[in-house]
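Following the working numbering, the numbering of the sequence shown begins with 738 at its first residue and continues without gaps.
The C-beta atom is built at its ideal place from N, Cα and C for all residues, glycine as well.
The structure appears below as structure tokens.
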Amino acid sequence: MGSPRQGPRRKVDPVSSSSEEIRLAAGSVGVTVQPGNGCRVGSLTVDGVELLRQGERYGSFPMVPWCGRTRDGRFTNGATTHQLPLNGPPHAIHGTGRDTAWKTARAGGSEAVFTYDLTDPWPYPGRVTQIVELTESALTLRMSVETYDDSFPAQAGWHPWFNRRLTDGGEDVRIAFDAAWQERRGADHLPTGERVDPLPGPWDDCFGMPGGVDVTLTWPGQLELNVASREEWVVVYDEQEAAVCVEPQTGPPNGLNTAPRLVTPLEPLETSTTWTWRRL
């Protein structure tokens, strides 16, 4: 993967306003990114048809520096235990990036780069970079987490809300994937540590795909979209009427505690996902 590490060392403009939208285009495909609203992709249109659920809390947002729920908002780094705000009681959920105004490092045409500095309530300084790259048939999102000081565990991923139906009268989306296992989910919505054969939906569950995330969404007669990532973890959520979520991420929910990826001054956390579509 092309290293996003160059992004944090670039001079950037002041923090983006919450209403700013960065627009990217490639042929008949359009994307808007909202750096002031958690650097979420607010819109993805193909031939004028919106693929993402609209609304301030929807679109597709980066999950960083953790993904999903962290049990009781606590995680350890060596002998030190940290307490995060319980923004999804009784847990901390989806990181701080989605609630942060990011900076636009550069933007133009079909590519843009955004950054934000890790700060309270996250206990370690660092820099997060997201790169958005658009073509006529794919959207690639890249993210890195860097530290220039103490090492710390972290996660990164994306939480897209895809519309269940693309048009009035259109059929519901169909989700297809072949996972090696499903993390058994406890009553607290966190993995119990037991792996089971994948169960039929509806889901709010984490799946393991050792060969990399590979999930296909099909809107019959309209569009097929594949969500791919080199990571082996994906959460699939389809319990809402309006939208479904396919969330590639670098570890399972509560992974700061159960499957930490250490960010060091020499080893940033780098990840990416590519969504590829074709018209039916």
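Using C-beta distances below 6 Å, list every residue in its chain close to residue i, excluding the 5 sequence neighbours before and after it, in chain order.
| i | result |
| --- | --- |
| Gly779 | Thr769, Gln771 and Gly796 |
| Thr782 | Gly767 |
| Gly832 | Met800, Val801, Pro802 and Trp803 |
| Trp918 | Arg932 and Gly945 |
| Pro751 | Because Pro751 sits at a pLDDT of 42, beneath the cut-off of 50, its placement in the model cannot be relied upon, and the point is left open. |
| Gly992 | Gln892 |
| Arg760 | Thr769 |
What do you get for residue i, buried or exposed, if any count of 16 or more other CB atoms within 10 angstroms of its CB means buried?
| i | result |
| --- | --- |
| Ala915 | Looking at the sequence provided, one finds Asp at residue 915 rather than Ala. Its Cβ having fewer than 16 others within 10 Å, Asp915 is exposed. |
| Glu931 | exposed |
| Gly906 | exposed |
| Ser966 | buried |
| Pro989 | buried |
| Ser1009 | buried |
| Ser881 | buried |
| Arg742 | In this predicted model, Arg742 has a pLDDT of only 33, less than 50, meaning its place in the structure is not dependable; the value taken from the coordinates is given anyway. So Arg742 counts as exposed. |
| Gln791 | exposed |
| Pro947 | exposed |
| Thr856 | exposed |
| Arg794 | exposed |
| Gln986 | buried |
| Gly845 | exposed |
| Ala1018 | The first residue shown for the chain is 738 and the last is 1017, placing residue 1018 beyond what the model contains. |
| Arg747 | Because the pLDDT of Arg747 is 33, which lies under 50, any placement of that residue in the model is unreliable, and the number read from its coordinates should be weighed accordingly. By the neighbour-count rule (16 or more Cβ atoms within 10 Å), Arg747 is not buried but exposed. |
Alpha carbon to alpha carbon, how far is residue j from residue i? Give it in angstroms, no decimals.
| i | j | result |
| --- | --- | --- |
| Val910 | Leu788 | 11 Å |
| Gly805 | Leu927 | 9 Å |
| Asn900 | Ala816 | 44 Å |
| Met738 | Glu1007 | Confidence at Met738 is low in this model, with a pLDDT of 37, below 50, so its placement is unreliable and the value that follows should be read with caution. Going by the C-alpha atoms only, they are around 9 Å apart. |
| Asn814 | Glu984 | 25 Å |
| Glu758 | Thr852 | 15 Å |
| Ala949 | Thr1011 | The sequence as given places Gly at residue 949; Ala does not occur at that position. Those two C-alpha atoms are separated by around 12 Å. |
| His819 | Pro860 | 7 Å |
| Arg902 | Ser888 | 43 Å |
| Lys840 | Arg1016 | 34 Å |
| Cys943 | Glu920 | 6 Å |
| Asn994 | Glu961 | 36 Å |
| Pro827 | Arg808 | 8 Å |
| Val964 | Glu978 | 21 Å |
| Ser756 | Glu883 | 27 Å |
| Ala875 | Asn824 | 33 Å |
| Arg835 | Glu908 | 30 Å |
| Asp951 | Trp970 | 10 Å |
| Thr904 | Gly894 | 28 Å |
If you drop the 5 nearest sequence neighbours on each side, which residues of the same chain put their C-beta closer than 8 Å to that of residue i?
| i | result |
| --- | --- |
| Cys982 | His896, Pro897, Trp898, Phe899, Val972, Val973, Tyr974 and Asp975 |
| Thr872 | Ala763, Val766 and Ser847 |
| Gly692 | With the chain running from 738 to 1017 in the structure shown, residue 692 is simply not present. |
| Thr929 | Glu920, Arg921, Arg922 and Gly923 |
| Pro890 | Phe812, Asn814, Leu993, Pro997, Arg998, Leu999 and Val1000 |
| Pro822 | Gly810, Ala829 and Pro858 |
What does a CB cutoff of less than 7 Å around residue i pick up in its chain, not counting 5 residues either side in sequence?
| i | result |
| --- | --- |
| Thr837 | Gly775 and Tyr853 |
| Tyr885 | Pro1002 |
| Thr877 | Glu870, Ser1009 and Thr1011 |
| Trp1014 | Val783, Ser874, Leu960, Glu961 and Leu962 |
Given the structure, does residue i come close to the ligand FAD, in the sense that its CB is under 7 Å from one of the ligand's heavy atoms?
| i | result |
| --- | --- |
| Glu1004 | What this structure holds is no ligand at all, so the ligand FAD is not there to describe. |
Requested in this report: With a floor of 3 residues, list each beta strand (DSSP E) that falls wholly inside the segment 802-841, ordered by position along the chain.
Outcome: 811-814 and 817-820
Query - Stretch-stretch touch, CB-based, cutoff 8 Å, three pairs: the segment 859-868 with the segment 929-944 - result: no
Requested in this report: Would you mind listing the beta strand (DSSP E) stretches within the segment 887-963 that are 3+ residues and don't spill past its ends, in chain order?
Outcome: 889-891, 894-897, 911-914, 918-922, 928-933, 941-945 and 950-956
Requested in this report: Count the C-beta pairs between the segment 992-1007 and the segment 955-962 that are closer than 8 Å, then say yes if the count reaches three, no if not.
Outcome: no
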